[in-house]
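Protein chains in written order, with the numbering used here: chain A, 182 to 597; chain B, 66 to 165. Even glycine gets a Cβ: it sits at the ideal position worked out from N, Cα and C.
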Amino acid sequence: MKKYSGFSLFSNALSYHENWQKIWRSPKPKREYDVIVVGGGGHGLATAYYLAKVHGITNVAVVEKGYLGGGNTARNTTIIRSNYLWDEAAQLYELALKLWEGLSQELNYNVMFSQRGVLNLGHNLQDMRDIERRVNANRLNGIDGEVVTPARIKEIAPLINISPDCRYPIIGASWQPRGGTARHDAVAWGYARGADALGVDMIQQTEVTGIRRENGTVVGVETTEGFIGARKVACVTAGNSGVVAAMAGLRLPVESRPLQALVSEPVKPCLDTVVMSNAVHGYVSQSDKGDLVIGAGVDGYNGYGQRGSFHVIEHTLQAICELFPAFSRVRMNRQWGGVVDTCPDACPIISKTSVGGLYFNCGWGTGGFKATPGSGYVFADTVANDRPHPLAAPFDVDRFNTGALIDEHGAAGVAH
Amino acid sequence: MLLIHCPHCREDREEEEFSYNGEAHIVRPLDPESLSDEAWGDYLFFRKNPRGVHREMWYHAVGCRRYFYAARNTLSYEILHTYCVGEKPQIDAANEGAGA
Ligand SMILES: Cc1cc2nc3c(=O)[nH]c(=O)nc-3n(C[C@H](O)[C@H](O)[C@H](O)COP(=O)(O)OP(=O)(O)OC[C@H]3O[C@@H](n4cnc5c(N)ncnc54)[C@H](O)[C@@H]3O)c2cc1C
Ligand SMILES: [Zn+2]
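Below, the structure written as structure tokens:
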């Protein structure tokens, strides 16, 4: 792999940028791999990267039915934060945030991680009680955060409407300065390039259609391109996890729902932070290109259609216009949906299964982008050592039978 | 926006009038005390999540305020039919096309 640098940019300019190296190979699948990662989203690619980088397991393939990063990874609104309430979740998301902080260097790929801060607004007394509790819990876990007043919110985001006589006045917020955004496909591409350089095969346009087992242990996967053998199979298929689990006769407590987002035409810089509101249900940031990136709520019903209902978007835009009256004149450019894998306690499942050598990492629902590096890191460790990484242990699928749920509906309540 | 036929009102109404109550036909355990942890977990949390026809419960929240069932395709979002609680579905899942 050729390293990216100021010098490589300069020297490639001399040949009109026509000689850049392909960022990953596209090999034919081998007969057998030590590990097959099913699903080439950010989480799957990060898993493959850390398997190779940290655990020296390089005979790995990522099998993706579409193109790398084309699932929720490329459809999300890229909000990154770690201010979750419970210790288990906070530690997992904080591991991810720490990895984000060094990720561009680690991968030699600019993932455009921007720590522009995240505001979570409160609109009523109970919101503020929850916010104070969560910020206190965060600080006890060594995670940055403060409770801020409307005046301070106005300083951070001058276009925001803090007038006390709107329908749902803003009465405070939590503020996590280390939170922010990143470039979604750069994360997928950066991990893919890094994993490829360590020997991992990227197998695109290949759908896994079955999981072959012998004596309760996986031996490989059936795909649209034929059978590929594997000693271990790690499934990271987000909204399609239930379908993939059924291939091995397993059930998961996840339900797949449409989640939508939209972007506006590009406008001049006007919002240099991330603003989210649970209560009125909207969240917005501005991309480096200038478009406002707006996330809507999750649709009410199960769906695999990668599209959602119009009234959900309408509702979100009402909220955005109330928070930022100036945005009412901005035109929207594009709208899309992704299929998110929602879990009853709004926390992920990172788990071994009753089938030997078969692992699942799913249930991230509306908010897994922020966890991409941490998720891949702990899942790779879990797969490599065939036991849960200490930070992943509380997220075993068993918790739905033992009752040890990790209820993050408060911190994860807004789809993000 | 889905147009949903309420079998009570016998009218097609907009999705916003309804709320979704998830998988249909889940039977409440008759003897909860005797359930194992697995069976409890199953009853509480494990739902069918088919990519295809799904039997689900809807509530006509701002209409007649009654519950009913629907067979809906989760990929095309087509609603195959809706029926009242206690009614037998007209067609069975096996004949409804796209897999479970
Ligand atoms: C509109 C929207 C906004 C969001 N906003 C945020 C946000 O602001 N912040 C945040 O943290 N999170 C957000 N999320 C959630 C986040 O996008 C996801 O949790 C995260 O990207 C999941 O990553 P992944 O790699 O697991 O899934 P994906 O990127 O979806 O990857 C799964 C891959 O598996 C592949 N696959 C599925 N089935 C098969 C098969 N049978 N064979 C082979 N491949 C298969 C798919 O094609 C897909 O590429 C949002 C999601 C959506 C939809
Ligand atoms: Zn009705």
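Taking 6 Å as the cut-off, does the CB of residue i come closer than this to any heavy atom belonging to ligand 1?
i: residue 427 of chain A; result: no
i: residue 576 of chain A; result: no
i: residue 256 of chain A; result: yes
i: residue 587 of chain A; result: no
i: residue 442 of chain A; result: yes
i: residue 341 of chain A; result: no
i: residue 239 of chain A; result: no
i: residue 260 of chain A; result: yes
i: residue 380 of chain A; result: no
i: residue 245 of chain A; result: yes
i: residue 264 of chain A; result: no
i: residue 418 of chain A; result: yes
i: residue 153 of chain B; result: no
i: residue 220 of chain A; result: yes
i: residue 408 of chain A; result: no
i: residue 478 of chain A; result: no
i: residue 299 of chain A; result: no
i: residue 461 of chain A; result: no
i: residue 505 of chain A; result: no
Report the option in the options whose CA atom is closest to the CA atom of residue i.
i: residue 514 of chain A; options: A/574, A/472, A/527, A/481; result: A/472
i: residue 308 of chain A; options: A/353, A/517, A/292; result: A/353
i: residue 349 of chain A; options: A/561, A/188, A/503, A/260; result: A/503
i: residue 141 of chain A; options: A/208, A/288, A/362; result: Outside the shown range of chain A (182 to 597) lies residue 141 of chain A, about which nothing can therefore be said.
i: residue 325 of chain A; options: A/521, A/355, A/273, A/310; result: A/355
i: residue 213 of chain A; options: A/203, A/241, A/540, A/228; result: A/241
i: residue 411 of chain A; options: A/423, A/426, A/510, A/395; result: A/395
i: residue 198 of chain A; options: A/206, A/377, A/189; result: A/189
i: residue 442 of chain A; options: A/462, A/397, A/211, A/399; result: A/462
i: residue 545 of chain A; options: A/255, A/521, A/564; result: A/521
i: residue 447 of chain A; options: A/460, A/318, A/475, A/436; result: A/475
i: residue 425 of chain A; options: B/74, B/88, B/116, B/147; result: B/116
i: residue 385 of chain A; options: A/299, A/248, A/358, A/255; result: A/248
i: residue 68 of chain B; options: B/74, B/75, B/79; result: B/79
i: residue 455 of chain A; options: A/511, A/438, A/505; result: A/505
i: residue 382 of chain A; options: A/206, A/499, A/320; result: A/206
i: residue 143 of chain B; options: A/486, A/559, A/585, A/534; result: A/486
i: residue 421 of chain A; options: A/246, A/262, A/550; result: A/246
With 16 other CB atoms within 10 Å as the buried threshold, where does residue i fall?
i: residue 149 of chain B; result: exposed
i: residue 201 of chain A; result: exposed
i: residue 286 of chain A; result: exposed
i: residue 66 of chain B; result: exposed
i: residue 224 of chain A; result: buried
i: residue 96 of chain B; result: exposed
i: residue 541 of chain A; result: buried
i: residue 191 of chain A; result: exposed
i: residue 138 of chain B; result: buried
i: residue 467 of chain A; result: buried
i: residue 566 of chain A; result: exposed
i: residue 299 of chain A; result: buried
i: residue 75 of chain B; result: exposed
i: residue 256 of chain A; result: buried
i: residue 413 of chain A; result: buried
i: residue 457 of chain A; result: buried
How about residue i: is its Cβ closer than 6 Å to a heavy atom in ligand 2?
i: residue 73 of chain B; result: yes
i: residue 146 of chain B; result: no
i: residue 129 of chain B; result: yes
i: residue 224 of chain A; result: no
i: residue 125 of chain B; result: yes
Would a check of beta-carbon distances place residue i closer than 7 Å to chain D?
i: residue 508 of chain A; result: Absent from the structure: chain D. Protein chains present are A and B.
Go through the segment 325-359 of chain A residue by residue and report every complete run of the beta strand (DSSP E) that reaches 3 residues or more, in order.
327-329, 353-357
Counting beta carbon pairs with one atom in the segment 524-544 of chain A and one in the segment 573-581 of chain A, are three or more of them shorter than 8 Å?
yes
Give the list of continuous beta strand (DSSP E) stretches no shorter than 3 residues that lie fully inside the segment 449-524 of chain A.
455-458, 463-467, 472-479, 513-523
Contact the segment 218-233 of chain A vs the segment 331-344 of chain A: 3+ CB pairs below 8 Å
no
Taking 8 Å as the threshold, find out whether the segment 372-387 of chain A comes into contact with the segment 228-243 of chain A through three or more Cβ pairs.
yes
At least three beta-carbon pairs within less than 8 Å, the segment 428-435 of chain A to the segment 111-121 of chain B
yes
Can you confirm whether the segment 258-275 of chain A touches the segment 403-419 of chain A when touching is taken to mean that 3 or more C-beta pairs between the two stretches lie within less than 8 Å?
no
4-residue-minimum alpha helix (DSSP H) runs that sit fully inside the segment 185-229 of chain A, ordered along the chain
187-195
Count the CB pairs spanning the segment 122-137 of chain B and the segment 92-107 of chain B that are closer than 8 Å, and state whether there are at least three.
no
Could you name each continuous beta strand (DSSP E) segment of 3 residues or more that falls completely within the segment 524-555 of chain A, going from the start of the chain to the end?
530-533, 539-543
Every unbroken alpha helix (DSSP H) inside the segment 555-591 of chain A [4 residues or more]
580-583
For the segment 546-560 of chain A against the segment 275-286 of chain A, do three or more pairs of beta-carbon atoms, one drawn from each stretch, fall closer than 8 Å, so that the two count as touching?
yes
Whole beta strand (DSSP E) runs in the segment 106-148 of chain B with 3 or more residues, listed along the chain?
118-124, 132-138
Runs of 4 residues minimum, wholly inside the segment 236-291 of chain A: which ones carry the alpha helix (DSSP H) assignment?
268-288
Residue ranges of each beta strand (DSSP E) run of no fewer than 3 residues wholly in the segment 356-384 of chain A, ordered along the chain?
382-384
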